[in-house]
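For the sequence shown, counting from 1, position 110 maps to 769 in the working numbering; every step adds exactly one.
Virtual Cβ for every residue (Gly too), placed ideally from N, Cα, C.
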Amino acid sequence: MLNYNAISITDATAVQNELRQKLILQTYDKNITTIAGGDISHNKDSDTVYAGIVILSYPQMVLQSYSLIEFKTKFPYVPQYLGFREVPTLIEAWKQIPVKPDTLVLDGQGITHPRRMGIASHFGVLQDIQTIGCAKSMLYGSYDALADEKFSASPIYSGNELLGYALRTKTNVKPVYIAPGHKVSVEDSLRIMKQCTIKHRIPEPTRLAHEKVNLFRVGKLKEGYHLADVQTNLFT
């Protein structure tokens with residue numbers, strides 16, 4: 660069981676730099692039939708963290724199943740070190756999934772991070788899986804202004820290094836920030852996330868993970884691995 664409770668920021672920085680050496684930023688598997696989304700929820704000033712991972716068919720975006728777990732963490736909320744607070748809980752939720760999805764999208768940064776180790780990269784390297792970061796806010800890098808139309812995209816750079824894309828998922832709505840986590844290229848990250856975008860600002864994998872984990876946190880769903888009612892999903 661991964662435990663970051665006692666790690667210092669200095670040691671956490673060293674861990675990030677070590678994990679960075681293992682990053683793969685080429686697409687590992689283009690034949691995606693299932694895609695997962697992961698998100699975390701917590702009550703303010705509590706060390707209890709709730710993790711949710713949903714699995715959807717790709718590219719249909721039909722919910723197949725979901726995994727929910729409650730976990731304790733002592734690592735504080737520190738910008739640039741979110742993985743140390745959230746990844747251990749997400750790994751426990753991941754372990755509950757009997758048949759792993761082809762790709763996992765996490766609500767947070769990929770390589771758009773000073774040490775290229777946002778939560779999606781952190782999780783991807785530790786589990787050796789294909790991951791993508793889909794963040795609601797910018798952490799690192801810069802990009803030029805986007806057009807107002809849906810699917811307008813602008814590359815995110817740090818110097819001459821392409822890290823990801825700002826992507827407008829709805830016309831005249833704030834963009835989201837897409838970046839590879841692990842075992843996927845920058846361009847394929849953008850292509851995959853466009854396929855995951857339907858009518859909401861947040862693409863379906865992380866939007867549904869957010870929905871499920873918040874229902875779990877307030878007691879409306881139970882911990883564990885659950886199959887979705889796919890027939891119902893087809894008609895909603």
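Residue state for Gln-723 is assigned as strand, using DSSP reduced to three classes. Rounded to the nearest whole angstrom, the CA to CA distance from Ile-714 to Gln-685 is 23 Å. DSSP assignment within the region 738-786 yields the following whole beta strand (DSSP E) runs of 3 residues or more, N-terminal first: 762-765.
Secondary structure within the region 854-894: the beta strand (DSSP E) runs of 3 or more consecutive residues, fully enclosed, are 883-886 (chain order). Straight across, the Cα-Cα distance linking Pro-834 with Val-877 is about 29 Å.
Taking C-beta atoms under 8 Å as the contact rule, Tyr-717 and Thr-692 qualify, at a distance of about 6 Å.
Per DSSP, the unbroken alpha helix (DSSP H) holding Ile-668 starts and ends at 668-679. Contact between Leu-741 and Ile-778 is confirmed by a C-beta separation of about 5 Å, below the 8 Å threshold.
Look at Glu-820 here: in three-state DSSP terms it is strand. With three or more CB-CB distances shorter than 8 Å, the region 695-712 counts as touching the region 759-767.
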